[in-house]
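Inspection log for the structure reproduced underneath, given as structure tokens.
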């Protein structure tokens, strides 16, 4: 199932890019970045109880996504583009996905740790999304369409919101647990 989801991840961006509307354009831009791929590997790890399984499945899922991405782009080149020459890209990015998928999958698995212990791990994907989109806005957005600039800006704000929600949820859980212990000790339990 993870391999199939990796293939879907690899196809979302280039398939959406074939449609000429703002929503599909934004989806294509968002999935051309690295943060959705890191999020995928993280969620695979989060869903597994074994660190080894998290590492292996995240790596294989990402590698399958890379293969699907480049095969689709080769079969259906962009307007005016030509296909061909994907083997080196599949090899380069497939190896990178396989190598980086394992540690990100393990981080996702470690994010299962409740409370403050797992908070740092849970903040990894919003941090990656914010950093990557900040760099893209600074380096690539000039001269790009409003859809590209808007997509990166929305992702950047979304990363901050998700990080704030994760911190708030963790603090709220810590506070509730602390209040519950204080109430129990006041009752003499």
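In the numbering used here, the protein residues as written are 372 to 560. In this text, a Cβ means the ideal position worked out from N, Cα and C, and glycines have one as well.
{"Check": "When you compare each of 380, 425, 449 to residue 405 by their alpha carbons, which one comes out closest?", "Outcome": "380"}
{"Check": "In the DSSP assignment, the alpha helix (DSSP H) including residue 444 goes from what residue to what residue?", "Outcome": "422-446"}
{"Check": "Kindly indicate which three-state DSSP category residue 485 falls into: helix, strand or coil?", "Outcome": "coil"}
{"Check": "Can you check whether the CB of residue 443 is closer than 9 Å to the CB of residue 386?", "Outcome": "yes"}
{"Check": "Residue 432: which of 472, 449, 480 sits nearest, CA to CA?", "Outcome": "472"}
{"Check": "Whole angstroms is fine: what's the gap from residue 373's alpha carbon to residue 416's?", "Outcome": "11 Å"}
{"Check": "Identify, in the order they occur along the chain, each residue of the same chain with its Cβ nearer than 7 Å to the Cβ of residue 501, setting aside the five sequence neighbours on each side.", "Outcome": "527, 530, 531"}
{"Check": "Three-state secondary structure (DSSP) at residue 392?", "Outcome": "coil"}
{"Check": "If we call anything under 9 Å between Cβ atoms a contact, is residue 402 one with residue 383?", "Outcome": "yes"}
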